[in-house]
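Residue numbers (the working numbering): 7 to 257.
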Ligand SMILES: NC(=O)c1ccc[n+]([C@@H]2O[C@H](COP(=O)([O-])OP(=O)(O)OC[C@H]3O[C@@H](n4cnc5c(N)ncnc54)[C@H](O)[C@@H]3O)[C@@H](O)[C@H]2O)c1
């Protein structure tokens, strides 16, 4: 039996690459109608087309997760296309300034990283959660990071933004507990995606050395967890950050 009822619809923001793409494909294979939303419109369309070619239901749209208007337009498109929005996976994220200690980081680049990785959680709440509250049902899942739990050196904006996101999810989980809307996060350690390709080798080594399983994670391993977290089965967990770190974080 599928874990998803007929007509179940999920918007995957940041679905044009990496973990978001893997989750969009995973959900579509389980029968979910997937709106692939990404700042990179061509990436979103590429993933949606591949899902449709494989026999699934998907549509691609351009969304900038920091821009409320594009999210409102995507919601209207989702409702026109599928009738309902049951879940949102927010996999949009940027690394921000890398390889420099805090005293060499510009405030503007710090704040622009927070806007994508943290403030977007509020934008999503404002633009998408009201529709879920209207139906008394919703699943919201954000991609946080091990960096938000432990703090990666020379990634201060990224670490702070992900720690903030974990705190936001804790608050929102309690705010909406009892409404049928649950809000959770996933904190992966290093996962094999295009995100990783742009990291300096020494940063990747630093991260892999700290993973007891001694390897990077695969996108599909996060996708399987994300698919559970956006499914009806995730009914008694909210405000929580699931781990996907190969044993690095056991808390
Ligand atoms: N890959 C890893 O090792 C790793 C580890 C921990 C956490 N994460 C987190 O998981 C999430 C996904 O990472 P990934 O590795 O798949 O990254 P990725 O770079 O492969 O994909 C991210 C996608 O988000 C999109 N995006 C970026 N900014 C956006 C915006 N403002 N609006 C809409 N879309 C936007 C990009 O176009 C891209 O398609 C990120 O939040 C990242 O911080 C990744």
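Every residue, glycine too, gets a C-beta built ideally from N, C-alpha and C.
Residue range of the beta strand (DSSP E) that includes residue i
i, result
"residue 55", "Segment 47-59 is the alpha helix (DSSP H) holding residue 55; no beta strand (DSSP E) there."
"residue 83", "Unbroken run through residue 83 is the alpha helix (DSSP H), 74-88; no beta strand (DSSP E)."
"residue 252", "First-last for residue 252: undefined, no H or E at that position."
"residue 64", "63-68"
"residue 93", "93-96"
"residue 16", "15-19"
Opening and closing residue of the alpha helix (DSSP H) in which residue i lies
i, result
"residue 24", "24-35"
"residue 106", "Note, residue 106: premise wrong, no alpha helix (DSSP H); not H, not E."
C-beta atoms of residue i and residue j nearer than 7 Å
i, j, result
"residue 25", "residue 189", "no"
"residue 277", "residue 60", "The shown model of the chain, from 7 to 257, leaves out residue 277, and the question about it has no answer."
"residue 217", "residue 96", "no"
"residue 103", "residue 115", "yes"
"residue 84", "residue 138", "no"
"residue 198", "residue 222", "yes"
"residue 90", "residue 142", "no"
"residue 23", "residue 42", "no"
"residue 72", "residue 121", "yes"
8 Å contact criterion, which residue i and residue j should meet: CB distance rounded
i, j, result
"residue 192", "residue 232", "6 Å"
"residue 119", "residue 100", "6 Å"
"residue 152", "residue 195", "5 Å"
Own chain residues within Cβ distance below 7 Å of residue i, not counting five before or after
i, result
"residue 175", "148, 189, 190, 191, 245 and 247"
"residue 34", "40, 57, 62, 63 and 64"
Own chain partners of residue i with C-beta closer than 8 Å, once the 5 adjacent residues on each side are dropped
i, result
"residue 112", "103"
"residue 74", "129, 132 and 133"
"residue 240", "145, 188, 190 and 234"
Residue i at chain C interface by Cβ criterion, 7 Å
i, result
"residue 140", "Included in the structure is just one protein chain, with no chain C present."
Neighbourhood of residue i by C-beta, 6 Å cutoff - its chain only, sequence neighbours within 5 removed
i, result
"residue 45", "70"
"residue 146", "94 and 189"
query: Hey, which unbroken runs of the beta strand (DSSP E) at 3 residues or more fall wholly within the stretch 155-234?
result: 187-194
query: Which runs of the beta strand (DSSP E) fall wholly inside the stretch 121-161 and span at least 3 residues, in chain order?
result: 144-149
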